[in-house]
Structure formats: C-alpha cells, structure tokens
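Worksheet: one structure, shown below.
Numbering (our numbering), first residue to last: 1122 to 1412.
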C-alpha cells in the first residue's frame, strides 16, 4: 500500500506538471501567432466610376478591417468597392489574430488611380461644299481624353487631334469621333449626315467653228454639260465692250477684226458649285484675202 500511495502521488504530480507545460505551450503558440497583412486588387487604374475587387492574402489573421481611401470601409475578407470620383486613393488593411490579440497593418499610398470618363465632341467647318476638293477642318471639343480616332465616313480615318480632311466625291457623310483616356476608357460621338458634298459641274465649250477669214462670221457657243444653272461667258475681245460677255446658255458672238481670241466659261449648278474652263487662242480670225 505504501508503494501504491507513493506511485499515485508521483503520477499526480507529473500530470500537474504536464498540464502546466501544455498550458504554457498553448499560450506560447497563441502569442506566436502574429499576423501579416497582405492584399492585391484586380484593377488599380481606370476611369471613374471604377469597381475594384480586393483579394486578401494575409497570413495568420482571423479578422480584418479595410479602409479604401474613398470614404468606405469593410470587415469582409475579400471586399469590393466603387471609386466614384477621379483621384489617387490610399488603401489600408489591418489584419487581426484573435488568439494572440496581435495585428499588422499594410498601407499602400495612391494604390488606386482613377481619371474622369472622357466626353467626345467636335465641330467642323465648312459643313457643305462641292466635290473634287472640299476641305473640311475639324475642331476637337472632347474633354478628359488623351488620344482620338476619327472616322470621316468616306472610308478614311485619322488619329490627329484636330484633323483636316478633303472630300472628293458627292454625298452625305457621317462623322464619328472616339475619345480615349490613358487607361483605355472611351466615349463615342456620331453625327449622322454631318458633311454634305454636292456634285461639281463640268465646264466645257462647243462652237460651230474655231477659225475663219470672214470678220462677219457668227460664232455659236454652247456648253454640253448638264445640271448647269448659270453661265458666265467671256469671248476674249474686250474691244467689243458689253458684247464681250454673256450669261446665255447658247450665246453668239461676232469678231470684227483679225486675231486670236481666248474664250472662257464659268458654270454654276443648283448647289452653288462652279467650274471654270479657259481655252487660250481658241478662236482665230484671219486676214481677208483680196484677189
């Protein structure tokens, strides 16, 4: 019995010591659980409003506190927030360990960078004109943009800020402008039938004959082109006074003296487009032969 009692006392003391050692071990392990805060985001740059999803990669943490720098906070492990205004935002994460009552803080300055969304806009001058060389100057009125793509509606494009474009063919042209930010955000403006290009008339001259030795010969002129509204003839004989010009579609003229004469014609169509032709030394009047 004496030995049994001593053995019991020994084991009882040993169990108590093991319990104390285990408690100290658990306490030490708990105190050793110091968290390390860490995180990343799926997007750190963009145009406002920008939605950002955060991924928590902290170690030995049980609780979290986020400060997104935009006035919003969260205690979720992997939160999402929206940055509504342009700016640079500092993000802070506090990682806690409830067992050790320890925490760690990670602060990344200017981690989220947002810019204002672009607004595309433009004007142009002139908006109407004639084919075969209508030069239109475009003025870029876009805001919050850094690069541009123009579509002039005739199969051509430009990346200039304020381009100039020449329209050679008649038609109605829709112009489109895409304005981009440095982060790739874009805004598109389309102006349907914005540029009107009218057909240009063709000035041409026909005459019954171009030379004679008879100063009394009557020369009959005409323009074979269609779609002409007005005519401005000049027969190249200033000495004839008012008879040197005509607004008729089929004028006649008599050259009273020998010489070579330059004939010109300016035609205009219903759209106000004009064309000019000049024929140097077109009419020749020779000296009358005396038998």
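Backbone N, C-alpha and C define an ideal beta-carbon position, used for all residues, glycine too.
Asked	Found
Could you check if residue 1358 is buried or exposed, using at least 16 other CB atoms within 10 Å of its CB as the buried criterion?	buried
In the DSSP assignment, what are the bridge partners of residue 1215?	1186, 1226
For residue 1279, which option in 1297, 1266, 1265, 1262 has the closest C-alpha, if you only look at C-alpha atoms?	1297
Relative to the C-alpha of residue 1285, which residue among 1158, 1155, 1277 is closest?	1277
Helix, strand or coil: which one does DSSP assign to residue 1359?	helix
Within its chain, find whatever has a CB closer than 8 Å to the CB of residue 1231; leave out the 5 residues flanking it on each side and keep chain order.	1209, 1210, 1211
According to DSSP, what are the bridge partners of residue 1204?	1171
Just to confirm my understanding: we take residue 1389, look at its own chain, exclude 5 residues before and 5 after, and list those with CB closer than 6 Å. What are they?	1350, 1351, 1395
Taking residue 1416 as the reference, give the member of 1323, 1338, 1322, 1321 with the closest Cα.	In this structure the chain extends from 1122 to 1412, so residue 1416 is not present and cannot be described.
Since residue 1176 contacts residue 1217 with CB under 8 Å, what's their CB separation in whole angstroms?	Residue 1176 to residue 1217, Cβ: 18 Å. No contact.
Roughly how many whole angstroms lie between the Cα atoms of residue 1270 and residue 1283?	11 Å
May I ask you to list the residues that DSSP assigns as paired with residue 1162?	1175
Report buried or exposed for residue 1203, applying the criterion of at least 16 other Cβ atoms within 10 angstroms of its Cβ.	exposed
How far does the beta strand (DSSP E) with residue 1245 in it extend, from its first residue to its last?	1243-1246
Which stretch, first to last residue, makes up the beta strand (DSSP E) that contains residue 1317?	1307-1319
Since residue 1307 contacts residue 1254 with CB under 8 Å, what's their CB separation in whole angstroms?	The Cβ separation is near 32 Å, so there is no contact.
Measure the Cβ-Cβ separation of residue 1274 and residue 1294 and say whether it is below 7 Å.	yes
So for residue 1402, helix, strand or coil by DSSP?	strand
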